[in-house]
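Notes follow once the structure below has been shown.
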Amino acid sequence: MRVQVAIIGSGPAGLLLGQLLYKAGISNVIIEQRSKEYVLGRIRAGVLEQGTVDLMDEAGVGQRMHAEGLVHDGTELCFKGERHRIDFKKLVNKTVMIYGQTEVTRDLMDAREAEGLTTVYEAHNVSVHDFDGAHPKVRYEQDGVTHEVQCDFIAGCDGFHGVCRASVPQDALRTYERVYPFGWLGILSDTPPVSHELIYCNHERGFALCSQRSPTRSRYYVQCSLDDKAENWSDEAFWAELRLRLDEEAAANLITGPSIEKSIAPLRSFVAEPLRFGTLFLAGDAAHIVPPTGAKGLNLAASDVRFLWQAMVDHYRGNQVALEHYSERCLSRIWKAERFSWWMTSLMHRFPDTGEFGQKIQEAELAYLVGSTAAATSLAENYVGLPFQD
Ligand code: RFL
Ligand code: PHB
3 MRVQVAIIGS GPAGLLLGQL LYKAGISNVI IEQRSKEYVL GRIRAGVLEQ GTVDLMDEAG
63 VGQRMHAEGL VHDGTELCFK GERHRIDFKK LVNKTVMIYG QTEVTRDLMD AREAEGLTTV
123 YEAHNVSVHD FDGAHPKVRY EQDGVTHEVQ CDFIAGCDGF HGVCRASVPQ DALRTYERVY
183 PFGWLGILSD TPPVSHELIY CNHERGFALC SQRSPTRSRY YVQCSLDDKA ENWSDEAFWA
243 ELRLRLDEEA AANLITGPSI EKSIAPLRSF VAEPLRFGTL FLAGDAAHIV PPTGAKGLNL
303 AASDVRFLWQ AMVDHYRGNQ VALEHYSERC LSRIWKAERF SWWMTSLMHR FPDTGEFGQK
363 IQEAELAYLV GSTAAATSLA ENYVGLPFQD
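Yeah, the sequence shown ends on 392 if you go by my numbering, and it's all consecutive.
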């Protein structure tokens, strides 16, 4: 097979890139190691920045998102048993959209299928070759047969554990990492959300988050220790722990029910530099990870895709240097999102080694945030998504 761009991974980064390139007349194939059902079964992000919403529209897949997604004008921070609202609309005149990653993925897969574009699912032993030159190749196995894709470019959209970053010579790559000493235990349930907006709670028992997917489906998280296991938590134990971390009103209003999904995610900050190696480009979680506290992971994947799609379109229109700025453009925005996610994680969680001084500083920072329009505006500006610097 020969295409202009071979995309590795059918997460939101790969699917969005595939759709945008197709719309621009650039041929592509997506090669995914898992099945379609497995990819759709992963419960992940829930908050889309306006820039991500715009990109879904640009890709021609925004219809269901606008019909079913929930626009949120603000969020709430809860500490010392009281909730404080951060009004995004008033502070920065922007909003966010609540629409699950599962739905984003489904809409993109449906559009891809409707256009008859190829996605190879359950491709085994995917490998990338010759990306130091103009004729890179991707190989994979399926049903015992080895296949080869020849292309102009490879887009490494294969997530944190993917093969693309791992195939780059180690001396060409610099990585930066912070692993946090806790995880998030999350549950999904068909119960109405406790509040119409998200609630981020700082509590002495640990962080908690009340999120949602729709008026009838909720997503809740509690900070847990790294050696904890989801199987150790009955639904009842989860609801009881969550209630302890909420303010009185939210605890009283919480409607509980059986969980549909329960899992633990570790928290990590990670950046690999650069994002381009000859004709191989990394995008999304393949290049960077943020802790979920700022809701930035999927949005950052979308912003990489925006830069890569624009650069590839410019390249095929004859701009010889269009792809040269990809890495630096992405990294400038990536590091700002890394900073925000690290900051919000530091602000909202209990760290085992904080000490009394650190605790007092965290309390002062929360009080400053809700008492100062300047501080609240900074949070709002980052949460809704910083502008793209083209
Ligand atoms: P993905 O979604 O991991 O997709 C990568 C795809 O590549 C495939 N793959 C391979 N394919 C072929 N060959 C190989 N060798 C391969 N290796 C891997 C994988 O099977 C997969 O299908 O990466 P992508 O597209 O870059 O998207 C990134 C987002 O998924 C991620 O950043 C977000 O989910 C992070 N995240 C959140 N982001 C937000 O913007 N807002 C949120 O509210 C939010 N909440 C979250 C989150 C992530 C979470 N977890 C579990 C990590 C909440 C959680 C709990
Ligand atoms: C989610 O709904 O899964 C979610 C929302 C906000 C976050 C993280 C996760 O900051």
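C-beta atoms are modelled at their ideal positions from N, C-alpha and C, and glycine is treated no differently. Values in this document were obtained by computation on a predicted structure and should not be read as measured data.
Report task. Specify the secondary structure class of Thr375 as computed by DSSP and reduced to three states. Result -> helix
Query - For Leu57 and Arg341, the rounded distance between their alpha carbons - result: 23 Å
Report task. State the Cα-Cα distance for the pair Pro389 and Ser236, rounded to the nearest angstrom. Result -> 42 Å
Query raised in the report: Would you call the region 34 to 42 and the region 64 to 74 touching, i.e. three or more CB-CB distances under 8 Å?
Result: no
Query raised in the report: If you compare alpha carbons, which of Phe81, Gln65 and His327 is closest to Phe209?
Result: Phe81
Query raised in the report: In terms of alpha-carbon separation, which member of Ala232, Val323 and Ser29 lies closest to Glu117?
Result: Ser29
Query raised in the report: If you follow the alpha helix (DSSP H) that Val7 is part of, which residue opens it and which one closes it?
Result: It is not in any alpha helix (DSSP H) - Val7 instead sits in the beta strand (DSSP E) that spans Val7 to Ile10.
Query raised in the report: Which value, in whole angstroms, describes the spacing of the CA atoms of Gly64 and Leu228?
Result: 37 Å
Query raised in the report: Helix, strand or coil for Val55 per DSSP?
Result: helix
Query raised in the report: Is any heavy atom of the ligand PHB found at a distance shorter than 6 Å from the C-beta of Ala297?
Result: yes
Query raised in the report: Are at least three pairs of beta-carbons, each pair with one atom in the region 191 to 199 and one in the region 252 to 267, less than 8 Å apart?
Result: yes
Query raised in the report: So what's Asn204 in DSSP terms, helix, strand or just coil?
Result: strand
Query - CA-to-CA distance, Val122 to Glu143, given in whole angstroms - result: 10 Å
Query raised in the report: Quick one: what's got a C-beta closer than 6 Å to Val106's C-beta in the same chain, skipping five residues either side?
Result: Pro14
Query raised in the report: In whole angstroms, what separates the C-alpha of Leu19 from that of Ala285?
Result: 10 Å
Query raised in the report: Would you say the beta carbon of Val49 comes nearer than 6 Å to a heavy atom of the ligand PHB?
Result: yes
Query raised in the report: Start and end of the alpha helix (DSSP H) containing Phe90?
Result: Phe90 to Val94
Query raised in the report: Hey, quick one: how far does the beta strand (DSSP E) through Tyr178 stretch, first residue to last?
Result: Arg176 to Ser191
Report task. Taking all protein chains shown into account, decide if Gln2 is buried (16 or more other Cβ within 10 angstroms of its Cβ) or exposed. Result -> Missing from the structure shown is residue 2; the chain here goes from 3 to 392 and no further.
Query - First through last residue of the alpha helix (DSSP H) which encompasses Ile336 - result: Tyr328 to Met350
**Report entry** Gly146 burial status per 10 Å Cβ neighbour count (16 or more: buried)
**Finding:** exposed
Query raised in the report: Nearest to Leu175 by CA position, among Tyr182, Ala157 and Cys166, is which residue?
Result: Cys166
Requested in this report: Answer yes or no: do Ile2 and Gly158 have a C-beta to C-beta separation smaller than 7 Å?
Outcome: Residue 2 lies beyond the residue range present for the chain, which begins at 3 and ends at 392; the question has no answer from this structure.
Report task. With DSSP collapsed to three states, give me the class of Arg215. Result -> strand
Query raised in the report: By the 10 Å Cβ neighbour count, where 16 or more other Cβ atoms means buried, how is Tyr178 classified, buried or exposed?
Result: exposed
Query raised in the report: Which residue or residues does DSSP assign as beta-bridge partners of Gln225?
Result: Trp186
Report task. Could you name each continuous beta strand (DSSP E) segment of 3 residues or more that falls completely within the region 104 to 178, going from the start of the chain to the end? Result -> 126 to 131, 139 to 144, 147 to 152 and 155 to 158
Query raised in the report: Who are the Cβ neighbours of Glu60 in its own chain at under 7 Å, not counting the five residues just before and after it?
Result: Leu22
Query raised in the report: Is the region 295 to 302 touching the region 342 to 355 in the sense that three or more CB pairs, one from each, lie closer than 8 Å?
Result: yes
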